[in-house]
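Notes to accompany the following structure.
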DNA sequence: ACCTGAACACCGTTCAAGT
DNA sequence: ACCTGAACACCGTTCAAGT
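Protein chains in written order, with our numbering: chain U, 15 to 214; chain L, 15 to 214.
The following block contains the structure:
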């Protein structure tokens, strides 16, 4: 419909896509404005037409990382399932947990999973205040453990992490089990908060 | 005892102390090798005689932050008390949670509180594997929520954080209550893991 | 044992100017 | 509407050399 001018320029989406590819190749420490600009074959200053600063750009990338897929079918309203799928989306991107953690802390990112966790907690019988706290607690657990896990694997690539680098293949394999075990404890604690009300 | 030469030079401790004062004044983003060197009235390159790189220096600072005080008297062997005192030490230093989080993730820091949490969990009847997971879960909760809290106060200073900057004085005051409420849930979950064993 | 001085290869951000 | 080119004020790290 729009008469597209001879040479198409970049839009926000293209910048975010370029940033995601730089992130995948170089990790968060290597995600510089200059490298993103190189990826787009553009001057660094061009990026500042699309985003006011680097943090805003990172927030847009974070949004992509934590976006829920199709909300339609399997909206599995289960605390553990929601937390586990958040973990999986963070693990799907290099340094995903650290990236999301900082956008979140700066107040630049809404976490769809958090909303789902809160309403699920409400449905399980928590009062409003407790449901909010339960959602935050789960989010902190997921981001904290995933951040730690991603940094540990990165450290082992670098070869750092002296004594405590217990990264035998077997141990890597069951990091998911450790996550699930800790998650089960947190969920049990949340359920006990529901039980202490005069539910059912 | 030692014949101290005319002009005393710096040692590791002096470098760490300078770093802590720069951290207090400028926060983690402002904690650069150059500023630390300025504080000591020394060239930047001098710092590399004491520490191989910046991360190692930050790890030494982190160690100071999380060090337990006198281990003698009130070694209150209570999960919530240990977690709360860890939170307080992190809050006592600007950007303390973020600093410790990264040193920890890089495997450059031992967390004394974690050891205490693990043995306390054991004493409460958890098996070895569960006690380790319980300790990690608590550490993730404490660091995650404290990190978030410290970033939020910093964001409010900067004036960023648009809509969700719910930082009324009252709300700041009860962030400790929110922490305690989430902590209670996690601890309850850990206790339920102890109960599921054939304890007592 | 501890530091200087200078260099290298980077950063994020701004701004006038172009098309 | 989107980009260039150049500049500003920074970074962490290395290394030969000094005392």
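Where a beta carbon is used, it is the ideal one built from N, C-alpha and C, also for glycine.
Residue i in three-state terms, based on DSSP
i, result
"residue 56 of chain L", "coil"
"residue 161 of chain U", "helix"
"residue 231 of chain U", "Nothing can be reported for residue 231 of chain U, as the shown portion of chain U is limited to 15 through 214."
"residue 191 of chain U", "helix"
"residue 150 of chain U", "helix"
"residue 210 of chain U", "coil"
"residue 107 of chain L", "coil"
"residue 26 of chain U", "helix"
"residue 46 of chain L", "coil"
"residue 91 of chain L", "coil"
"residue 126 of chain U", "helix"
"residue 203 of chain L", "helix"
"residue 40 of chain L", "helix"
"residue 119 of chain L", "helix"
"residue 215 of chain U", "This structure cannot speak to residue 215 of chain U, because chain U is shown only from 15 to 214."
Closest Cα partner of residue i within the set the options
i, options, result
"residue 143 of chain U", "U:155, U:204, U:161, U:72", "U:204"
"residue 164 of chain U", "U:206, U:23, U:189", "U:189"
"residue 94 of chain L", "L:209, L:197, L:207", "L:197"
"residue 72 of chain U", "U:206, U:43, U:83, U:136", "U:43"
"residue 134 of chain L", "L:146, L:124, L:123, L:125", "L:146"
"residue 148 of chain U", "U:32, U:77, U:74, U:207", "U:207"
"residue 52 of chain L", "L:36, L:63, L:153", "L:36"
"residue 120 of chain L", "U:162, U:210, U:92, U:126", "U:162"
"residue 101 of chain L", "L:153, L:27, L:48, L:31", "L:153"
"residue 34 of chain L", "L:64, L:76, L:25, L:66", "L:76"
"residue 140 of chain L", "L:63, L:49, L:201", "L:201"
"residue 103 of chain L", "L:28, L:123, L:27, L:79", "L:79"
"residue 14 of chain U", "U:74, U:98, U:64, U:45", "Residue numbering for chain U in the displayed model covers 15 to 214; residue 14 of chain U lies beyond these limits and cannot be assessed."
"residue 45 of chain L", "L:199, L:157, L:136, L:68", "L:68"
"residue 64 of chain L", "L:39, L:83, L:24, L:92", "L:24"
"residue 28 of chain U", "U:61, U:195, U:157", "U:61"
"residue 83 of chain U", "U:91, U:126, U:92", "U:126"
"residue 31 of chain U", "U:193, U:199, U:50", "U:50"
"residue 136 of chain U", "U:194, U:92, U:38", "U:92"
"residue 38 of chain L", "L:192, L:168, L:193", "L:168"
"residue 236 of chain U", "U:192, U:122, U:199, U:194", "What is shown of chain U runs 15 to 214, which leaves residue 236 of chain U out entirely."
"residue 66 of chain L", "L:41, L:26, L:192", "L:26"
"residue 157 of chain U", "U:41, U:47, U:99", "U:99"
Where residue i falls, given that 16 or more other Cβ within 10 Å makes a residue buried
i, result
"residue 87 of chain L", "Confidence at residue 87 of chain L is low in this model, with a pLDDT of 46, below 50, so the placement of that residue should be treated as unreliable; the coordinate-derived value is given next. Residue 87 of chain L should be labelled exposed."
"residue 178 of chain L", "Note that residue 178 of chain L has pLDDT 48, beneath the 50 cutoff, so the model's placement of it is unreliable and the number below is only indicative. Exposed: under 16 other Cβ atoms inside 10 Å."
"residue 138 of chain L", "buried"
"residue 210 of chain L", "exposed"
"residue 216 of chain U", "Residue numbering for chain U in the displayed model covers 15 to 214; residue 216 of chain U lies beyond these limits and cannot be assessed."
"residue 151 of chain U", "buried"
"residue 166 of chain L", "buried"
"residue 155 of chain L", "buried"
"residue 97 of chain L", "buried"
"residue 237 of chain U", "In this structure chain U extends from 15 to 214, so residue 237 of chain U is not present and cannot be described."
"residue 174 of chain U", "With a pLDDT of 47 at residue 174 of chain U, under the threshold of 50, the modelled position of that residue is not reliable, and the figure given next carries that caveat. Residue 174 of chain U should be labelled exposed."
"residue 16 of chain U", "Legend: pLDDT at residue 16 of chain U = 39, less than 50; position of this residue unreliable, no value from coordinates given."
For the segment 50–64 of chain U and the segment 108–121 of chain U, state whether three or more C-beta atom pairs, one from each stretch, are separated by less than 8 Å.
By the Cβ rule, the segment 50–64 of chain U does not count as touching the segment 108–121 of chain U, because fewer than three pairs are nearer than 8 Å.
How about the segment 104–111 of chain U and the segment 123–132 of chain U: do they share at least three Cβ pairs that are nearer than 8 Å?
no
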